[in-house]
Amino acid sequence: MDVIFLELFCLFVGISGYVLVWLNEAESAPYMDEVFHIPQVQNYCVGKFNEWDPMITTLPGLYLATVGIVKPLGTLFSIPASTLCSTFWLRSVNVFFATGNLYLLYRLVKKLHQSDKVSSPGKEALTAFTLGIFPVLYFFTFLYYTDSGSTFCVLLMYLLSLDGSQKMAALIGAVSVTFRQTNIVWVVFMAGITASDSLLYRVHPEKKDISRESQRNLGFLPILVRQLYNWTTKDRKSLWNWLGDMINKIWVYLLVIVGFIAFMIINDGIVVGAKDHHPVVLHFPQVFYLASFMVGFSIMHHISASRVQSFLKCLYKKPFLVIVYSLVSALIVWKFTHVHPYLLADNRHYTFYVWSRIYRRHEFIRYALIPCYGFALWTLLRAIERKNILWKCVYCICASANLIPSPLLEFRYFIMPYLIYRLNMPLASYVRLLMELTMYIAINFVTLYMFMEKPFLWEGVSGYQRFMW
398 MDVIFLELFC LFVGISGYVL VWLNEAESAP YMDEVFHIPQ VQNYCVGKFN EWDPMITTLP
458 GLYLATVGIV KPLGTLFSIP ASTLCSTFWL RSVNVFFATG NLYLLYRLVK KLHQSDKVSS
518 PGKEALTAFT LGIFPVLYFF TFLYYTDSGS TFCVLLMYLL SLDGSQKMAA LIGAVSVTFR
578 QTNIVWVVFM AGITASDSLL YRVHPEKKDI SRESQRNLGF LPILVRQLYN WTTKDRKSLW
638 NWLGDMINKI WVYLLVIVGF IAFMIINDGI VVGAKDHHPV VLHFPQVFYL ASFMVGFSIM
698 HHISASRVQS FLKCLYKKPF LVIVYSLVSA LIVWKFTHVH PYLLADNRHY TFYVWSRIYR
758 RHEFIRYALI PCYGFALWTL LRAIERKNIL WKCVYCICAS ANLIPSPLLE FRYFIMPYLI
818 YRLNMPLASY VRLLMELTMY IAINFVTLYM FMEKPFLWEG VSGYQRFMW
């Protein structure tokens, strides 16, 4: 392990431990969703596995993992379950997951950028550390929520998949679904990029005139279609060889996916409880919100006058595409915008203020933002232009599928799409990485300070309310 990363890792553990104590002193009682999660896991801690709160929407992966961590510790050190399953120690489980996330991010950065000419141990360590304190994820490290554990499982699945351990990756993917059901889309993502890599590996030797650069563009898709057609009509052996190789690599993912479909049929939906509050809808503007969110948190890598000039030139050269995008986007905003009751009713979340102070100011605002969405989408695609077109397609499909069925604008749902995207961006210069790190530190300080030091009261409701993502 690199010395720079080891130093940053120790710094991360120390700061996170301090913040955990600080937060617990400010709010020692279960808060917000912890009101459901903590009593549930405390039942599990004393062996009451048959008791279940019908308001909980996720499967019990977090609770089982927690019991698997605290029970052996209790036995080893003769600590009663009532102590280890107190609010403070349950929150500390997520700090444990967060340190694991930091290590996995470091391993992923090294794996994904091992051939980059600009790569260096310092950049790899700094990139991983910065993503380890990604504000939305880092905030929920200190509350007993599913985010840290869910992220840990998906990152581990991704690393195992990149290492070629597809069966183990699929197994971890199944575990990730027990933390959060929507993680099934990242199981599909791993299957998709594994299958596409298998296809590209077999197509590339046959088409020696195809460069790696050409595989990044939409124009490469017709070449793939023609190749598959040729295999189907003229070279069945190559087709069967590819199918055999692909299925051998992804069949375990397919088992997980089929199992999840069976779960949805039996469960009559994705969420376990509170189904009336989590209907499945077609919320296409979620893609616009995600794009804006992602550009916002990676803005230090996009700040450039030349970037804006390139975008304007692109608009000038492709007026028909601009018109089509504008019309389709306007239709999407008009017909498919959903405003969940939670979004309008709960002023503890920052999304409440985003919606009330921007989107609700005037009906026209949501349409006026369409050019901004276009710039965000264009910017995001430019930043990962070195990835092949199949990877881009699989990512876009999975990131969209992760969000579109949900009527609720919730920043926590953007964590995994952002991290996977950011991991696959080229390594930046030290200046841009330090700018990004500074921005994340500032946001974390402000949001944690607001939560702990600026509580407020609701009329007719006992107890303090607190600002959070």
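Here the sequence shown stands for residues 398 to 866, where the numbers follow the numbering used here.
The C-beta atom is built at its ideal place from N, Cα and C for all residues, glycine as well.
Only a predicted model underlies this, so the values are computations on that prediction, with no experimental measurement involved.
For this session: Can you check the region 578 to 646 for any beta strand (DSSP E) of at least 3 residues that lies completely inside it and give the ranges in chain order?
Result: none
For this session: Could you check the C-alpha separation between residue 530 and residue 713 for me, to the nearest Å?
Result: Locating residue 530 in the sequence shown gives position 133, where the first residue counts as 1. Locating residue 713 in the sequence shown gives position 316, where the first residue counts as 1. Whole-angstrom Cα-Cα distance: 39 Å.
Exercise. Measuring CA to CA, which of 583, 636 and 622 is closest to residue 810?
Worked result: For the purposes of this step, residue 810 is identified with residue 413 of the sequence shown, where counting begins at 1. Nearest C-alpha to residue 810: 583.
For this session: Can you tell me which of 537, 840, 554 and 495 puts its alpha carbon nearest to the alpha carbon of residue 872?
Result: Past the boundaries of the shown model lies residue 872; the chain is included only from 398 to 866, so the question cannot be answered.
For this session: Grab the span of the alpha helix (DSSP H) containing residue 402 for me, first residue to last.
Result: On the sequence shown, position 5 is the one that residue 402 refers to. Run containing residue 402: 400 to 423, per the alpha helix (DSSP H) assignment.
Exercise. Hey, would you say residue 581 sits closer than 8 Å to residue 657, going by beta carbons?
Worked result: As a position in the sequence shown, residue 581 is number 184, starting the count at 1. As a position in the sequence shown, residue 657 is number 260, starting the count at 1. The answer is yes: Cβ separation under 8 Å.
Exercise. Is the region 672 to 679 in contact with the region 801 to 816, if contact means three or more CB pairs nearer than 8 Å?
Worked result: yes
For this session: Would you kindly work out how many angstroms separate the C-alpha atoms of residue 448 and residue 469, rounded to a whole number?
Result: Mapped onto the sequence shown, residue 448 falls at position 51. Mapped onto the sequence shown, residue 469 falls at position 72. C-alpha separation (whole angstroms): 22 Å.
For this session: Measure the alpha-carbon distance for residue 415 versus residue 711 and round it to whole angstroms.
Result: As a working note, residue 415 is residue 18 in the sequence shown. As a working note, residue 711 is residue 314 in the sequence shown. So the two alpha carbons sit approximately 48 Å from each other.
Exercise. Between residue 639 and residue 599, is the Cβ-Cβ spacing less than 8 Å?
Worked result: Numbered from 1 along the sequence shown, position 242 holds the residue referred to as residue 639. Numbered from 1 along the sequence shown, position 202 holds the residue referred to as residue 599. Contact: yes.
Problem set entry | Contacting residues, own chain, Cβ-Cβ under 7 Å from residue 749 (five flanking each side not counted) | The residue labelled residue 749 in the question sits at position 352 within the sequence shown. Here the set comprises 740 and 743.
Problem set entry | residue 861, DSSP secondary structure in three states | Residue mapping note: residue 861 aligns to position 464 of the sequence shown, counting from 1. Note: residue 861 maps to strand in three-state DSSP.
Exercise. In the structure shown, what three-state DSSP assignment does residue 761 receive?
Worked result: In the sequence shown, residue 761 corresponds to position 364, counting from 1. Residue state, collapsed to three classes: coil.
Exercise. To the nearest angstrom, how far is it from the Cα of residue 651 to the Cα of residue 417?
Worked result: Your numbering for residue 651 matches position 254 in the sequence shown. Your numbering for residue 417 matches position 20 in the sequence shown. Rounded to whole angstroms, residue 651 to residue 417 spans 39 Å at the Cα level.
Exercise. In the structure shown, what three-state DSSP assignment does residue 746 receive?
Worked result: Taking the first residue of the sequence shown as 1, we reach residue 746 at position 349. Residue 746 falls in the strand class under three-state DSSP.
Exercise. Which residues in the same chain have their Cβ closer than 6 Å to the Cβ of residue 405, if we skip the five residues on either side of it in sequence?
Worked result: Stepping through the sequence shown from its first residue, residue 405 is reached at position 8. The residues are 522 and 526.
For this session: Give a yes or no on whether the C-beta atoms belonging to residue 427 and residue 463 are separated by under 8 Å.
Result: One-based indexing of the sequence shown puts residue 427 at position 30. One-based indexing of the sequence shown puts residue 463 at position 66. No; because the gap between Cβ atoms is not below 8 Å, this pair is not in contact.
Exercise. From this set, 586, 519, 572 and 475, which residue's C-alpha is nearest residue 402's C-alpha?
Worked result: Working through the sequence shown from its first residue, we reach residue 402 at position 5. Measuring from the Cα of residue 402, the nearest candidate turns out to be 519.
Exercise. Which residues in the same chain as residue 585 place their Cβ atom closer than 7 Å to its Cβ, once the five residues preceding and following it in sequence are excluded?
Worked result: If you number the sequence shown from 1, residue 585 lands on position 188. 654 and 795, listed in sequence order.
Exercise. From residue 409 to residue 514, what does the alpha carbon distance come to, in whole angstroms?
Worked result: Indexing the sequence shown from 1 puts residue 409 at position 12. Indexing the sequence shown from 1 puts residue 514 at position 117. Between residue 409 and residue 514, the C-alpha separation is close to 28 Å.
For this session: State the Cα-Cα distance for the pair residue 663 and residue 507, rounded to the nearest angstrom.
Result: Counting from 1 along the sequence shown, the entry for residue 663 is found at position 266. Counting from 1 along the sequence shown, the entry for residue 507 is found at position 110. Near 41 Å, if we compare the C-alpha coordinates of residue 507 and residue 663.
For this session: Could you check if residue 554 is buried or exposed, using at least 16 other CB atoms within 10 Å of its CB as the buried criterion?
Result: Taking the sequence shown and counting its residues from 1, the one referred to as residue 554 is at position 157. Buried: at least 16 other Cβ atoms inside 10 Å.
Exercise. Using the rule of at least 16 other Cβ atoms within 10 Å of the residue's Cβ for burial, across every protein chain shown, is residue 480 buried or exposed?
Worked result: Translated into positions along the sequence shown, residue 480 becomes position 83. With fewer than 16 other Cβ atoms within 10 Å, it is exposed.
Exercise. Rounded to the nearest angstrom, how far is the Cβ of residue 457 from that of residue 575, given a contact under 8 Å?
Worked result: Within the sequence shown, numbered from 1, the residue matching residue 457 stands at position 60. Within the sequence shown, numbered from 1, the residue matching residue 575 stands at position 178. Yes, they are in contact, since the Cβ atoms of residue 457 and residue 575 sit about 7 Å apart, within 8 Å.
Exercise. Ordered along the chain, which non-local residues of its own chain (more than five positions away) have a Cβ less than 7 Å from that of residue 629?
Worked result: Here residue 629 is taken as the residue at index 232 of the sequence shown, counted from 1. Once the five neighbours on either side are set aside, the close Cβ partners of residue 629 are 636.
Problem set entry | Of the listed residues 660, 501 and 538, nearest to residue 571 (C-alpha basis) | As a position in the sequence shown, residue 571 is number 174, starting the count at 1. Per the Cα distances, 660.
Exercise. Shortest alpha-carbon distance to residue 466 belongs to which of 442, 690, 683 and 422?
Worked result: In the sequence shown, the residue the question calls residue 466 occupies position 69. Nearest of 442, 690, 683 and 422 to residue 466, Cα basis: 442.
Exercise. Going by the beta-carbon positions, is the gap between residue 808 and residue 690 smaller than 8 Å?
Worked result: For the purposes of this step, residue 808 is identified with residue 411 of the sequence shown, where counting begins at 1. For the purposes of this step, residue 690 is identified with residue 293 of the sequence shown, where counting begins at 1. Yes. Within cutoff.
Exercise. For residue 716, does the count of other Cβ atoms within 10 angstroms reach 16, so buried, or fall short, so exposed?
Worked result: Within the sequence shown, residue 716 is the residue found at index 319, counting from 1. With fewer than 16 other Cβ atoms within 10 Å, it is exposed.
For this session: Could you tell me the boundaries of the alpha helix (DSSP H) in which residue 448 lies?
Result: Against the sequence shown, residue 448 aligns to sequence position 51. Element bounds for residue 448: n/a, residue is neither H nor E.
Problem set entry | Nearest-angstrom beta carbon gap, residue 432 and residue 460 [assumed within contact, 8 Å] | Residue 460 sits at position 63 when you count from the first residue of the sequence shown. Residue 432 sits at position 35 when you count from the first residue of the sequence shown. With 8 Å as the limit, residue 460 and residue 432 do not qualify as a contact, their Cβ atoms being about 15 Å apart.
Problem set entry | Endpoints, alpha helix (DSSP H) assigned at residue 455 | Locating residue 455 in the sequence shown gives position 58, where the first residue counts as 1. Element bounds for residue 455: n/a, residue is neither H nor E.
Problem set entry | Which of helix, strand or coil DSSP assigns to residue 853 | Along the sequence shown, read from residue 1 onward, the residue named residue 853 stands at position 456. In this structure, residue 853 counts as strand in the three-state DSSP scheme.
Problem set entry | Whole-number beta carbon distance between residue 552 and residue 596, since they are thought to touch under 8 Å | Looking up residue 596 in the sequence shown gives position 199. Looking up residue 552 in the sequence shown gives position 155. In fact, because the Cβ distance is near 25 Å, the residues do not count as touching under 8 Å.
Problem set entry | 6 Å Cβ shell around residue 726 - same chain, five flanking residues per side excluded | Here residue 726 refers to the residue found at position 329 of the sequence shown. Around residue 726: 767.
For this session: With a 10 Å radius around its C-beta and 16 neighbouring C-beta atoms as the bar for buried, classify residue 563 as buried or exposed.
Result: Taking the sequence shown and counting its residues from 1, the one referred to as residue 563 is at position 166. Buried, since its Cβ has 16 or more Cβ neighbours within 10 Å.
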